[in-house]
Amino acid sequence: MKKNNSIQKPYRGRFAPSPSGELHFGSLLAAMASYADARHHNGSWLLRIDDIDQARVVKHSDQHILNTLEQCGFEWDEKVSYQSQCIHHYQSALEKLNQAKLNYPCTCSRKQLKALSDSGIYPGLCRHKIVRDSDDKNSAIRIKVSSEHISFIDQIQQSYRQKLSQDVGDFIIYRRDNVFSYQLSVVVDDFQSAITHIVRGYDLLDSTPRQIYLQQLLSYPQPQYAHIPLAVSEKNLKLSKLSQAKKINCNLNTLVLAAHFLGQEMGQNEVDNIDDFWQNLISNWEINRVPRMEKQVIIYP
Ligand SMILES: [Zn+2]
C-alpha cells in the first residue's frame, strides 16, 4: 500500500490561463492535456483566470479565452475563479508564513541584483539586514529556502529535483509593487480549489520545487504534477512569443494537431466532428504517451 492518501481523493484538475491575450496554440495544449487527463479519470476540471498581475491584464481577454475554450468543446465544472478576487486568501497564507519566521523584507532593486550576478539566484543580501520602517513599504518579501533537496516524480518528465538554496535562492512571495507573487498565489489557489492533479507546460517545471516548498510550509497536500513539452516554432521560438501566436481557430484540424503533439494516437479519419474528437481523445488518453521532452517543434498552419 502506498502511503500517499491523495490517491483516495477525487481527481480535481484545472487550467489557469493569464488573461494577457488570446488563447494561443501553446495554451490550447495545456488546456487539452489537463482536460483529457481529468476526464479520463472521471475527474472535475476547473478554470481559473490568473489575473493577479493586473498590470499585464488585457481587458476582455478573459472572456475571449472562455469563448474560445467553449468553441473548442471544453466543458468546465464550477464557477470560473479569478485570482483578483482571492487576495484575502493570499494575505492569510502570507500571515501564516510570517509566523514561521522565514520571511524577510528585501529592498534590493533588480538593477542592484543584476550587477551582482547574472544567474538570477538571489544571494541573500537582505537576509540579515535590519530594515528601517521607512524602507519597509518599498520592499518585497522573500522567503528563506532550505538547503535540502526537493524532489518529486513528474508524470511525464519523471524524476526532478532542486536544491533551492543553490538553484534559486530565497525567493519573492510578495512583490515590491504590492502584488502577491505567482509562486504563492498559485499554491494557495490550488489548495483552495482542492486540486489534486496539475498538468501544465514545461516552462513551469522549475517553479515546482518552490511551490512544493511553500506547500510544505503551509501544511498543504502536494498535488501530482505533469509537465507537457512546449510548442516552439522551427526557429525555436516559444509560440506565445510569436506574433503568429494569435487566436487559434477552433476546428477539428487544430484539435487533432494538438492531440498529435501530445503523442496521443488518434487519426483524423476516426473522427468527424468536435464531439467525436473529445470522446475519442478522452477514452484513449494516456499521459505516458506525452513526449518526455522540454520542447517540440510545431508547424502551425
Ligand atoms: Zn534584498
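Each residue of the sequence shown is one higher than the last, beginning at 56 in this note's numbering. Ideal placement from N, C-alpha and C gives every residue a C-beta, glycine not left out. In this text, all values refer to a predicted model and were calculated from it rather than measured experimentally.
Query	Result
Three-state secondary structure (DSSP) of K57	Residue confidence for K57 is low, a pLDDT of 42 falling below 50, so the modelled location carries little weight; the figure read from the coordinates is stated next. Three-state result, K57: coil.
8 angstroms Cβ cutoff met for G81 and V113	no
The region 123 to 142 / the region 95 to 108 touching (three or more Cβ pairs under 8 angstroms)	yes
C-beta contact flag for N339 and V326 at 8 angstroms	no
Ligand 1 site residues, beta-carbon cut 6 angstroms against heavy atoms	C161, T162, C163, L180 and C181
Exposure of S61, with buried meaning 16 or more beta-carbon neighbours within 10 Å	Since pLDDT at S61 reaches only 48, below the 50 mark, its modelled position is unreliable, and the value read off the structure follows with that caveat. S61 is exposed by the Cβ-count criterion.
Proximity below 8 angstroms, CB of R103 to CB of S136	yes
Outcome for S240 when other beta-carbon atoms lying within 10 angstroms are tallied against a minimum of 16	buried
I283: CB within 7 angstroms of a non-hydrogen atom of ligand 2	Ligands displayed in this structure: ligand 1; ligand 2 is not among them.
Close-in-space but distant-in-sequence residues of the same chain around I359 (CB under 8 angstroms, 5 per side omitted)	No statement about residue 359 is possible, as the shown extent of the chain runs from 56 to 356 and does not include it.
Three-pair Cβ contact test at 8 angstroms for the region 276 to 285 versus the region 218 to 235	no
Spatial distance of I303 from T123 (CA atoms)	8 angstroms
CB contact flag (I342, Q126, <8 angstroms)	no
Limits of the beta strand (DSSP E) - the one that L102 falls within	S99 to I104
Boundaries (first-last residue) of the alpha helix (DSSP H) holding Y215	Taken as a continuous stretch (DSSP letters only), Y215 belongs to no alpha helix (DSSP H), being part of the beta strand (DSSP E) at Q213 to K218.
Status (buried if at least 16 other CB within 10 Å, exposed otherwise) for H183	exposed
Distance, D105 Cα to R69 Cα	12 angstroms
Endpoints, beta strand (DSSP E) assigned at F226	F226 to Y229
Spatially closest choice to S73 from H95, P65 and L121, by CA coordinates	L121
Bridge-paired residues (DSSP) for F70	L102
A88 burial status per 10 Å Cβ neighbour count (16 or more: buried)	buried
Residue range of the unbroken alpha helix (DSSP H) whose run includes V112	No alpha helix (DSSP H) holds V112; DSSP gives it neither H nor E.
Distance CB(G224)-CB(I176) smaller than 8 angstroms	yes
Own chain residues within Cβ distance below 7 angstroms of N59, not counting five before or after	For N59, the predicted model reports a pLDDT of 48, less than 50, meaning its position is unreliable; a value from the coordinates is still stated below. Within the same chain, N59 has no close Cβ partners at all.
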